[in-house]
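> The following block contains the structure, expressed as structure tokens.
In the UniProt record's numbering, the protein residues as written are 1 to 97.
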């Protein structure tokens, strides 16, 4: 079996997680970075379930699954489905999808 990069694996699965962050970049002395938007996109015509887990300090702080409708290829557009209730306080998080 040929190993795949994360991007290749997401493309093969047809689902991705998008995360928006606010604040300053690492190394900057301004406002700490925080998660301001979290959503999933299905790039296939088949419905999919996307599970997101957010961890910090080795503990799960958030875990949620959403069902993503499929989009017919003829439409050519993909809608993002938002997650709700994830941590928004500034901090260091690892997001898994």
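All C-beta atoms, glycine included, are put in the ideal place defined by N, C-alpha and C.
Can you grab the Cα-Cα spacing for the pair residue 87 / residue 45, in whole Å?
31 Å
> For residue 65, which residues in the same chain have their Cβ closer than 6 Å to its Cβ, ignoring the five residues on either side in sequence?
Around residue 65: 49 and 51.
> Could you compute how far the alpha carbon of residue 60 sits from the alpha carbon of residue 54?
6 Å
> Does residue 40 pass the burial test, meaning 16 or more other C-beta atoms within 10 Å, or should it be called exposed?
buried
> Which term fits residue 93, buried or exposed, when burial requires 16 or more other beta carbons within 10 angstroms of its beta carbon?
buried
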